[in-house]
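Q:
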Amino acid sequence: MFFFALAVVLTIVSAIRIASEPRRLSNALIVLAALLAWVLTAVSVMNLLEPRVEAAVLAVIAVLLFLTAIGLIAAAAVNGVVVIRREGFRLATVLPLALATVTILGAGLLFTVARVLESHPLPLWFLALLWTGVFFAVGLGLQLAAFSVYAVIYGHLRPPTGNAAVLVLGCGLGAGGTVTPLLASRLDRAREVYDAEVEAGHRPVLVVSGGQGVDEAMAEATAMKNYLKDYGMSEENIIAETSSRTTHENLVFSAELLDSMGIEYQPMIVVTSNFHVLRAAAFTRDVGLDAQVTGARTARFYAPTAFLREFVAIVRGYWKANVALLLGILAAVVLLQNVD
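For the sequence shown, the residue numbers in full-length UniProt numbering are 1 to 340.
This is the structure in structure tokens:
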């Protein structure tokens with residue numbers, strides 16, 4: 001009953017928090033905690049079954065989890081190879097392959113240590129360091145799971161209508177200032193959102209945001225505006241913000257531009273790629289915008305790499321909170337182990 005009650009409470013808390021402010025990244029951890037509580041509820045129910053039935057069910061679950069883990073590792077490795085072949089070898093493209101490699105090496109290390117411990121003791125400092133590393137790896141794995149689950153949830157939230165602006169975030173141009181497929185998907189999604197607003201009786205402005213990189217022929221916003229005009233959108237409805245270089249600047253500079261037009265503190269929809277929605281949503285909250293974020297589809301082969309890159313960026317951006325959380329949990333585990 002305890003785990004059932006905990007699962008119900010966490011589910012209700014998750015629903016309330018998402019309804020009140022879906023942009024909180026901490027929602028992801030609470031959603032994952034609720035899911036784990038439901039899993040523990042199911043396990044506690046299985047304890048009521050006959051021993052042989054319980055053992056059979058647990059064996060099936062263990063096999064499924066093992067096969068799922070193997071499948072995910074293999075998929076990450078294959079995806080890493082595909083992305084490197086298509087996009088070239090650089091830090092951003094090696095993440096899936098690196099994740100698969102580190103996971104395999106980590107599992108091999110644990111297996112080797114377990115075999116050695118059967119016949120030879122190992123130094124206490126080594127074991128302490130090893131298990132601390134395992135703890136942090138599991139912690140990051142759970143955060144990745146939480147991030148993945150909540151990204152799906154947030155991505156399925158319907159964008160509200162009645163917005164004063166639709167803001168499209170730039171993401172780099174191709175040779176000669178051409179709009180890349182990734183950026184085109186964002187602009188196409190923005191047109192869908194804009195058309196939905198018009199059909200609902202609203203007349204928002206459409207802001208395209210992106211400055212000119214050192215290797216780009218023009219500002220991203222200029223190319224984005226031209227793309228939308230080519231698809232029949234009236235130039236008078238498009239505003240170009242051409243100075244920003246980062247997502248944070250996209251939001252701040254666009255808000256300042258809207259403020260100069262008298263559109264201040266009014267709701268807006270921010271359009272980006274689906275792998276980028278959570279971090280962009282967190283940024284809109286950090287800078288105080290009344291905004292929700294919607295995502296455009298990304299090429300399937302590239303989505304896992306981009307998603308992992310976003311997760312790394314979030315962990316790095318909120319590293320103090322992540323370290324504090326993991327250290328707090330580690331301290332709690334150590335204290336519980338020492339309780340008689």
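Note that CB positions come from ideal geometry on N, CA and C, so glycine has one too.
My guess is that A255 and L289 are in contact by the Cβ rule of under 8 Å, so how many angstroms apart are they, rounded?
A: In the sequence shown, the residue the question calls residue 255 occupies position 255. In the sequence shown, the residue the question calls residue 289 occupies position 289. A255 to L289, Cβ: 6 Å. Contact.
Q: At the level of alpha carbons, what is the spacing between E220 and Q212?
A: Along the sequence shown, one-based indexing puts residue 220 at 220. Along the sequence shown, one-based indexing puts residue 212 at 212. Those two C-alpha atoms are separated by around 6 Å.
Q: Rounded to a whole number of angstroms, what is the C-alpha to C-alpha distance between R186 and G80?
A: On the sequence shown, residue 186 is found 186 positions in, with the first residue counted as 1. On the sequence shown, residue 80 is found 80 positions in, with the first residue counted as 1. Computed Cα separation, rounded: 24 Å.
Q: Output the distance between the C-alpha atoms of R189 and I239, rounded to the nearest integer angstrom.
A: Position 189 of the sequence shown holds residue 189. Position 239 of the sequence shown holds residue 239. Roughly 17 Å separates the two Cα atoms.
Q: V270 and L167: beta carbons closer than 8 Å?
A: Indexing the sequence shown from 1 puts residue 270 at position 270. Indexing the sequence shown from 1 puts residue 167 at position 167. Cβ distance < 8 Å, so V270 and L167 count as in contact.
Q: Taking G141 as part of the alpha helix (DSSP H), name the residues at either end of that continuous run.
A: On the sequence shown, residue 141 is found 141 positions in, with the first residue counted as 1. Element bounds for G141: L124 to G155.
Q: Measuring straight from C-alpha to C-alpha, what distance separates N250 and L48?
A: Along the sequence shown, read from residue 1 onward, the residue named residue 250 stands at position 250. Along the sequence shown, read from residue 1 onward, the residue named residue 48 stands at position 48. So the alpha carbons of these two residues sit roughly 56 Å apart.
Q: Apply the 10 Å Cβ neighbour rule to I30 and answer buried if 16 or more other Cβ atoms are within range, or exposed otherwise.
A: Along the sequence shown, read from residue 1 onward, the residue named residue 30 stands at position 30. It counts as buried.
Q: I need the boundaries of the beta strand (DSSP E) containing G172, first residue and last residue.
A: Taking the sequence shown and counting its residues from 1, one reaches residue 172 at position 172. No beta strand (DSSP E) contains G172, which DSSP labels as neither H nor E.
Q: Where does M224 sit, in a helix, a strand or coil, going by DSSP?
A: For this step, residue 224 is matched to residue 224 along the sequence shown. Looking at M224 - three-state DSSP - the assignment turns out to be helix.
Q: T294 and P159 - do their beta-carbons sit closer together than 8 Å?
A: Taking the first residue of the sequence shown as position 1, residue 159 is located at position 159. Taking the first residue of the sequence shown as position 1, residue 294 is located at position 294. Going by C-beta atoms, P159 is nearer than 8 Å to T294.
Q: Compare the Cα-Cα distances from G201 to each of F89, F3, E236 and T161 and report the closest residue.
A: Locating residue 201 in the sequence shown gives position 201, where the first residue counts as 1. Here the closest residue by C-alpha is T161.
Q: According to DSSP, is L206 helix, strand or coil?
A: Here residue 206 refers to the residue found at position 206 of the sequence shown. Here L206 sits in strand by DSSP.
Q: For the beta strand (DSSP E) that E241 lies in, which residues bound it at each end?
A: What you label residue 241 is simply residue 241 of the sequence shown in a count that begins at 1. Here the beta strand (DSSP E) through E241 covers I238 to E241.
Q: From the DSSP output, read off the bridge partner residues of T272.
A: Numbered from 1 along the sequence shown, position 272 holds the residue referred to as residue 272. T272 pairs with G295.
Q: Tell me whether residue 414 is buried or exposed, calling it buried when 16 or more other Cβ atoms sit within 10 Å of its Cβ.
A: Lying outside 1 to 340, the shown extent of the chain, residue 414 is not represented and no answer is given.
Q: Could you give the first and the last residue of the continuous alpha helix (DSSP H) run that contains residue 353?
A: Beyond the ends of the chain as shown, which are 1 and 340, falls residue 353; an answer cannot be given.
Q: Taking only three categories from DSSP, how would you classify V312?
A: The residue labelled residue 312 in the question sits at position 312 within the sequence shown. Residue state, collapsed to three classes: helix.
Q: Exposed or buried, what is G210 when buried is set at 16 or more other beta-carbons lying within 10 Å of its beta-carbon?
A: Taking the first residue of the sequence shown as position 1, residue 210 is located at position 210. Classification of G210: buried, given that the 10 Å Cβ count is 16 or more.
Q: Helix, strand or coil for A282 per DSSP?
A: The sequence position of residue 282 within the sequence shown is 282, counting from 1. It is helical.
Q: Can you tell me where the alpha helix (DSSP H) with P181 in it begins and where it stops?
A: Counting from 1 along the sequence shown, the entry for residue 181 is found at position 181. Looking at the DSSP string, the run of the alpha helix (DSSP H) that includes P181 is P181 to E199.
Q: Would you report the Cα separation of E192 and V116, rounded to the nearest angstrom?
A: The count along the sequence shown starts at 1 and reaches residue 192 at position 192. The count along the sequence shown starts at 1 and reaches residue 116 at position 116. Roughly 60 Å between the two C-alpha positions.
Q: Excluding the 5 residues flanking A74 on each side, which residues of the same chain have their C-beta closer than 8 Å to its C-beta?
A: Numbered from 1 along the sequence shown, position 74 holds the residue referred to as residue 74. Around A74: A100.
Q: Between which two residues does the alpha helix (DSSP H) carrying T247 extend?
A: Here residue 247 refers to the residue found at position 247 when the sequence shown is read from its first residue. First-last of the alpha helix (DSSP H) with T247: T247 to S260.
Q: Should E216 and N163 be called a contact, given that it needs their Cβ atoms to be closer than 8 Å?
A: The residue given as residue 216 occupies position 216 in the sequence shown. The residue given as residue 163 occupies position 163 in the sequence shown. For E216 and N163, no; Cβs fall outside 8 Å.
Q: Quick check on A165: does DSSP put it in helix, strand or coil?
A: Residue numbering aside, residue 165 sits at position 165 when the sequence shown is read from its first letter. Three-state DSSP puts A165 in a strand.
Q: Quick check: the region 55 to 66 against the region 314 to 328, are at least 3 beta-carbon pairs closer than 8 Å?
A: No: the two stretches stay apart, fewer than three of their Cβ pairs being nearer than 8 Å.
Q: Can you give the Cα-Cα distance for A321 and Y231, rounded to whole angstroms?
A: By 1-based counting over the sequence shown, the position of residue 321 is 321. By 1-based counting over the sequence shown, the position of residue 231 is 231. Roughly 44 Å separates the two Cα atoms.
Q: On the three-pair Cβ rule with 8 Å, is the region 23 to 40 touching the region 146 to 157?
A: Yes, they touch.
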